[in-house]
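Protein chains: 2
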Amino acid sequence: MQELTGYKGQALGLIKSAGASIGDKLKLAREGEIVEGLLMPRVAGGDDIHIVLKLATGYNVGVKISEKTRIQVLGTGVKPTLSRPPMPNATKGLPRVTIFSTGGTIASRVDYRTGAVEAALSAEDLYSFVPELASEANVTAKVLYSLFSENFTTKHWKEIATTVSDEIRSGVSGVVIAQGTDTLGYCAAALSFALQSAPVPIVFVAAQRSSDRPSSDAATNLIGAVSVAAKAPFGGVVAVMHRWLSDDTLSVHKGTKVRKCHTSRRDAFKSIGATPLARFHVESRKLEMLERDLPARGSSEVVCKPNFDDRVGLVKFYPDMDPGIIDWHVTNGYHGLILEGTGLGHVSARCYPSIERAVKDGIFVGMTSQCLWGRVDMNVYSTGIDLQKIGVHPLEDMLPETALVKLMWVLGQTEDSHEVAEMMRKNLAGEISPRRLEISGNDEDH
Amino acid sequence: MQELTGYKGQALGLIKSAGASIGDKLKLAREGEIVEGLLMPRVAGGDDIHIVLKLATGYNVGVKISEKTRIQVLGTGVKPTLSRPPMPNATKGLPRVTIFSTGGTIASRVDYRTGAVEAALSAEDLYSFVPELASEANVTAKVLYSLFSENFTTKHWKEIATTVSDEIRSGVSGVVIAQGTDTLGYCAAALSFALQSAPVPIVFVAAQRSSDRPSSDAATNLIGAVSVAAKAPFGGVVAVMHRWLSDDTLSVHKGTKVRKCHTSRRDAFKSIGATPLARFHVESRKLEMLERDLPARGSSEVVCKPNFDDRVGLVKFYPDMDPGIIDWHVTNGYHGLILEGTGLGHVSARCYPSIERAVKDGIFVGMTSQCLWGRVDMNVYSTGIDLQKIGVHPLEDMLPETALVKLMWVLGQTEDSHEVAEMMRKNLAGEISPRRLEISGNDEDH
Numbered sequence: 001m002q003e004l005t006g007y008k009g010q011a012l013g014l015i016k017s018a019g020a021s022i023g024d025k026l027k028l029a030r031e032g033e034i035v036e037g038l039l040m041p042r043v044a045g046g047d048d049i050h051i052v053l054k055l056a057t058g059y060n061v062g063v064k065i066s067e068k069t070r071i072q073v074l075g076t077g078v079k080p081t082l083s084r085p086p087m088p089n090a091t092k093g094l095p096r097v098t099i100f101s102t103g104g105t106i107a108s109r110v111d112y113r114t115g116a117v118e119a120a121l122s123a124e125d126l127y128s129f130v131p132e133l134a135s136e137a138n139v140t141a142k143v144l145y146s147l148f149s150e151n152f153t154t155k156h157w158k159e160i161a162t163t164v165s166d167e168i169r170s171g172v173s174g175v176v177i178a179q180g181t182d183t184l185g186y187c188a189a190a191l192s193f194a195l196q197s198a199p200v201p202i203v204f205v206a207a208q209r210s211s212d213r214p215s216s217d218a219a220t221n222l223i224g225a226v227s228v229a230a231k232a233p234f235g236g237v238v239a240v241m242h243r244w245l246s247d248d249t250l251s252v253h254k255g256t257k258v259r260k261c262h263t264s265r266r267d268a269f270k271s272i273g274a275t276p277l278a279r280f281h282v283e284s285r286k287l288e289m290l291e292r293d294l295p296a297r298g299s300s301e302v303v304c305k306p307n308f309d310d311r312v313g314l315v316k317f318y319p320d321m322d323p324g325i326i327d328w329h330v331t332n333g334y335h336g337l338i339l340e341g342t343g344l345g346h347v348s349a350r351c352y353p354s355i356e357r358a359v360k361d362g363i364f365v366g367m368t369s370q371c372l373w374g375r376v377d378m379n380v381y382s383t384g385i386d387l388q389k390i391g392v393h394p395l396e397d398m399l400p401e402t403a404l405v406k407l408m409w410v411l412g413q414t415e416d417s418h419e420v421a422e423m424m425r426k427n428l429a430g431e432i433s434p435r436r437l438e439i440s441g442n443d444e445d446h
Numbered sequence: 447m448q449e450l451t452g453y454k455g456q457a458l459g460l461i462k463s464a465g466a467s468i469g470d471k472l473k474l475a476r477e478g479e480i481v482e483g484l485l486m487p488r489v490a491g492g493d494d495i496h497i498v499l500k501l502a503t504g505y506n507v508g509v510k511i512s513e514k515t516r517i518q519v520l521g522t523g524v525k526p527t528l529s530r531p532p533m534p535n536a537t538k539g540l541p542r543v544t545i546f547s548t549g550g551t552i553a554s555r556v557d558y559r560t561g562a563v564e565a566a567l568s569a570e571d572l573y574s575f576v577p578e579l580a581s582e583a584n585v586t587a588k589v590l591y592s593l594f595s596e597n598f599t600t601k602h603w604k605e606i607a608t609t610v611s612d613e614i615r616s617g618v619s620g621v622v623i624a625q626g627t628d629t630l631g632y633c634a635a636a637l638s639f640a641l642q643s644a645p646v647p648i649v650f651v652a653a654q655r656s657s658d659r660p661s662s663d664a665a666t667n668l669i670g671a672v673s674v675a676a677k678a679p680f681g682g683v684v685a686v687m688h689r690w691l692s693d694d695t696l697s698v699h700k701g702t703k704v705r706k707c708h709t710s711r712r713d714a715f716k717s718i719g720a721t722p723l724a725r726f727h728v729e730s731r732k733l734e735m736l737e738r739d740l741p742a743r744g745s746s747e748v749v750c751k752p753n754f755d756d757r758v759g760l761v762k763f764y765p766d767m768d769p770g771i772i773d774w775h776v777t778n779g780y781h782g783l784i785l786e787g788t789g790l791g792h793v794s795a796r797c798y799p800s801i802e803r804a805v806k807d808g809i810f811v812g813m814t815s816q817c818l819w820g821r822v823d824m825n826v827y828s829t830g831i832d833l834q835k836i837g838v839h840p841l842e843d844m845l846p847e848t849a850l851v852k853l854m855w856v857l858g859q860t861e862d863s864h865e866v867a868e869m870m871r872k873n874l875a876g877e878i879s880p881r882r883l884e885i886s887g888n889d890e891d892h
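Protein chains in written order, with my numbering: chain F, 1 to 446; chain Z, 447 to 892.
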């Protein structure tokens, strides 16, 4: 009997009670829920309440057990190969895709939760982990970082942009960037501005659940991301993540419109104020385009402008906010400030003198809305008009996070204040949606 | 012919071309859209591209005109009374409701856009504006402020709480607070904590569109709010606003869970991480309860604890954020700080020393998520565990804005740090949703 690697406690007891060994086909039943699959080993350091099964689909799932779980050996299946499978030979005619790993849940194999992390981003590991990738593309995997995404800085964005640009110049059909979910939206915006005319898809992907969890989205998202990178008819920066709770469809979001909107759900990423560009159907591997007005694949040369200015702040306004927070940015030599105001783009009148000082000091001050959805409009109320007079720039329907990243990027390109203002108010990478025609009595959607 | 009060330019020309006068029944047609109603006067200072019609429903709408608009006089209707209608006599048996006006779009009659604002919150004005109110309740209207809601401070919250508490003690069946939409969510949270055991409904209401606009939600929302205040079977703080784009249903949101999520749509207010408490059906005036586990009307005495501490800050984290922003709060004598972190509740490692200094200085530091939906969980990743070790308190699924207001309120009640922590982590007014049982493989919703 093959050793029950990695199992302990309750899980080990249950497996032993059935006389099962690694590779056997098992049926686990608990309160009406039934899961069948081949018993897989676990890595060290895991808990004792999950049993990992390889399903018929090829995915490994961690099935949570309890005292109510019943176990049954359905058969002694072919023992799985526990050594790495041989690398698939590069398949002629398949597109070349490079996956850059930067850290986060998706880049880890099992038991991220317990700290027993294994970066799984060698190409061999990937093919072992998600063998389906071999039919989508000839994949090369490179580890850039192993970082929690909250620790990313403008320096990392610059390095990623430069690296991805070089990779595209080497002739790949697409690039995938695997990252932690937390600041993925910011980084996708950063690359959207730094690599504006990318001739191939640059696909951000992540996972909300590590692969030892029954509901992991790591494999599905990775398959979708590689497929989009390899075959999508457009160039540019997107993020590919679960569309909803089911595993059947992924959404392809524009890099400047995507936002993490749930702490734990697999469909946490949403396109804000925009429809997703496309849907990826997991079973059929088909890409259903929703937005047709995108730059065609191969229609441009990649241009890399990777500089960002880190002296840009984001201030979320709240009632009774002390304007001293704005002054702090002036005192500390900031070059730009994004306000996340209320409603159509407001802050309290008490903040006006501080904002005026900032503007006089040459700081670009842009207004976005903490509503997240909808467009700022600083011509409706006198408060908006006053703020514009002071020199605050309304930033249309830009997400506050995207506006921050854009201003960091713009100030990395020029110090000329007129140019900065012009670039901030112009749609450069899909960050500003066109205004719809106002139809009397039905202007809810603008 | 009655004077065409308030009309000028294009609108005046169109009306004159038809030989119409105030009170006539008109048909305005433009590209297939047809509106019929009685021609109403406008107040001075309006634009020249809207014609105001009183519809059969009794509402005034401003119809946007263009060169394509065709006008037709259908009949010389009964001339509308332009003087105020007589106050309805208090109807015996109808509940008493007090409406407090604090400013904002809903409190103004016409042409808020142009600055020609008329506060419409005398009871006479209200009945003239929304005559349907007379069948819902005996309404008294009081003007508290005439303020843009972004200028509200803790001082205003305190005054509103005290005033509302006194009004409830005087025996009214319910209270309505008409306010600007921008910081309505913050104020609703403030009253939720300050007046925790209210025996009657305290209903926040607002309008996204002023009443001169064809799509105004002012009248509908006000009818719903007064009806809920008068008749709802529960006590406590709620907000009543459009459920979706149609006028047929309003949502009743819990005061600690409601958030403005669109800059301009009428259904901008959403319950975040919670279902609305009820729906109000406008036509039938029926309240459909969705949440049954609410304190029953009359089951308690109002207790007013109206103090708030304004030395509490909200900091939204972003990549590359300078921890000096956190230090600024320490230096400036803050007592509390809410972090709006990423994902499950993270900030960059670079911020840890500043947070540690804040905690050592006796500042309460609470963690919420900029995802808005979902619950923080600082036990999943080492970064969350590290932050807890430093002394950061995870605040479950509290909205960042609600957490800010709650901390302001808690620090207004006690300076004892253990009590503060205990109160912050306890559900006091529905701000923390109960955790659902984690079901293996389907824990998307917690």
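Here a beta-carbon is modelled for each residue, glycine too, at the ideal position from N, C-alpha and C.
Neighbour-count burial assignment, residue i, 16 or more Cβ in a 10 Å radius
i	result
Z:Asp847	The sequence shown places Glu at residue 847 of chain Z, not Asp. By the 10 Å Cβ count, Z:Glu847 comes out buried.
Z:Thr789	The amino acid at residue 789 of chain Z is misidentified as Thr; the sequence shows Gly. With 16 or more other Cβ atoms within 10 Å, it is buried.
Z:Gly820	buried
Z:Arg902	Residue 902 of chain Z lies beyond the stretch modelled for chain Z, which goes from 447 to 892, so this question has no answer here.
Z:Asn584	buried
Z:Met844	buried
Z:Arg559	Any answer about Z:Arg559 is weak, because its pLDDT of 34 lies below 50 and its placement is not dependable; what the coordinates show is given next. Burial call: buried.
Z:Thr666	buried
Residue from the options with nearest C-alpha to residue i
i	options	result
Z:His727	Z:Trp603, Z:Leu668, Z:Val748	Z:Leu668
Z:Gln816	Z:Gly858, Z:Val761, Z:Lys473, Z:Arg615	Z:Val761
Z:Gln625	Z:Pro534, Z:Lys852, Z:Phe650, Z:Ile614	Z:Phe650
F:Arg209	F:Pro201, F:Ile202, F:Ala218	F:Ala218
F:Gly508	F:Trp409, F:Tyr318, F:Pro201, F:Lys286	Lying before the first or after the last residue shown, residue 508 of chain F is absent from chain F, which here runs from 1 to 446.
Z:Asp773	Z:His792, Z:Lys806, Z:Gly791	Z:Lys806
Z:Ser879	Z:Pro722, Z:Val866, Z:Leu485, Z:Asp713	Z:Pro722
F:Thr76	F:Gly104, F:Gly13, F:Val130, F:Gly37	F:Gly37
Z:Glu729	Z:Ile461, Z:Ser673, Z:Leu853, Z:Gly631	Z:Ser673
Z:Leu499	Z:Asn778, Z:Leu485, Z:Phe763	Z:Leu485
F:Leu28	F:Lys231, F:Lys8, F:Leu74	F:Leu74
Z:Thr537	Z:Ser581, Z:Glu513, Z:Gly779, Z:Met844	Z:Ser581
Range covered by the beta strand (DSSP E) that runs through residue i
i	result
Z:Gly782	782 to 787
Z:Ile831	Premise fails: Z:Ile831 lies in the alpha helix (DSSP H), 828 to 836, not in any beta strand (DSSP E).
Z:Val618	That residue, Z:Val618, is in no beta strand (DSSP E); it is neither H nor E in DSSP.
F:Arg259	258 to 260
Z:Thr695	695 to 700
F:Ser369	364 to 369
Z:Glu479	479 to 485
F:Leu26	25 to 30
F:Ala20	Note, F:Ala20: premise wrong, no beta strand (DSSP E); not H, not E.
For residue i, the first and last residue of its enclosing alpha helix (DSSP H)
i	result
Z:Glu605	600 to 615
F:Phe129	123 to 129
F:Thr220	218 to 231
F:Thr140	First-last for F:Thr140: 138 to 143, but that is the beta strand (DSSP E), not the alpha helix (DSSP H).
Z:Ile718	Segment: none, Z:Ile718 is in no alpha helix (DSSP H) and carries neither H nor E.
F:Arg357	352 to 360
F:Thr402	400 to 413
Problem - the region 300 to 307 of chain F in contact with the region 240 to 250 of chain F per 3-pair CB rule at 8 Å - result: Taking 8 Å as the limit for Cβ pairs, the verdict is that the region 240 to 250 of chain F does not touch the region 300 to 307 of chain F.
Handout entry: Three CB pairs or more closer than 8 Å across the region 141 to 153 of chain F and the region 290 to 305 of chain F
Key = no
Exercise for the section: Check whether the region 505 to 516 of chain Z touches the region 628 to 639 of chain Z, counting contact only when three or more Cβ pairs, one atom from each stretch, lie closer than 8 Å. Expected result: no
Handout entry: Stretch-stretch touch, CB-based, cutoff 8 Å, three pairs: the region 422 to 430 of chain F with the region 467 to 479 of chain Z
Key = no
Handout entry: Complete runs of the alpha helix (DSSP H) confined to the region 283 to 350 of chain F [at least 4 residues]
Key = 324 to 331
Practice task
Determine, using beta-carbon pairs with one atom in the region 160 to 168 of chain F and one in the region 257 to 273 of chain F, whether at least three such pairs fall under 8 Å.
Solution key: no
Practice task
Report yes or no: do the region 49 to 57 of chain F and the region 84 to 104 of chain F share at least 3 C-beta pairs separated by less than 8 Å?
Solution key: no
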